[in-house]
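Enquirer: Before we start, here is the structure in question, set down as structure tokens.
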Amino acid sequence: MTTQEEIKYQEALSRVKKIKGFYSHAAVYVVINIAIIYFNISNLKEGESYFQYKNFLTAFFWGIGLLSHGLSVFMPNWIMGENWEERKIKEFMEKEKQNKEMWQ
Numbered sequence: 001m002t003t004q005e006e007i008k009y010q011e012a013l014s015r016v017k018k019i020k021g022f023y024s025h026a027a028v029y030v031v032i033n034i035a036i037i038y039f040n041i042s043n044l045k046e047g048e049s050y051f052q053y054k055n056f057l058t059a060f061f062w063g064i065g066l067l068s069h070g071l072s073v074f075m076p077n078w079i080m081g082e083n084w085e086e087r088k089i090k091e092f093m094e095k096e097k098q099n100k101e102m103w104q
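The sequence shown runs 1 to 104 under UniProt numbering.
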């Protein structure tokens, strides 16, 4: 495998790990929130409404975190632009090269 193919493979592997992490996060979100809802409904006293409880805050704020996680995984180019990481790496490498040349 050439160096270029190896780099592409590592990038693809990294992307797959990020997607897998998001799906794990989403699955935990669903399971935990279902458990919270079930627990609260099973502990309702007669005549009480589930909507009296403020237990939607966990799902709401965690949902915001899950949304931002999803955006960072599936839409990284939307915020930083295409190939942002590569451009930044080249920029740092060029600065390092200039610093070495300056001190020689």
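Cβ coordinates follow ideal geometry from the N, Cα and C atoms, glycine included.
Output yes or no for whether 8 angstroms exceeds the beta carbon distance between Val73 and Lys18.
Expert: Yes; because the gap between Cβ atoms is below 8 angstroms, this pair is in contact.
Enquirer: Taking C-beta to C-beta, are Asn33 and Ala59 nearer than 8 angstroms?
Expert: A contact, by the Cβ cut-off of 8 angstroms.
Enquirer: Mapping the DSSP letters down to three states, classify Asn40 as helix, strand or coil.
Expert: Here Asn40 sits in helix by DSSP.
Enquirer: Check the Cβ-Cβ distances between Gly65 and every residue of chain B, and say whether any is below 8 angstroms.
Expert: Absent here is chain B; the protein component of the structure consists of one chain.
Enquirer: Give the secondary structure of Glu94 by DSSP, where H, G and I count as helix, E and B as strand, and everything else as coil.
Expert: Of the three classes helix, strand and coil, the one that applies to Glu94 here is helix, per DSSP.
Enquirer: Considering only their Cβ atoms, is the gap separating Gly65 from Phe22 smaller than 8 angstroms?
Expert: Contact: no.
Enquirer: Candidates Ala27, Val28 and Phe56: which alpha carbon is nearest Ile41's?
Expert: The candidate whose alpha carbon is nearest that of Ile41 is Phe56.
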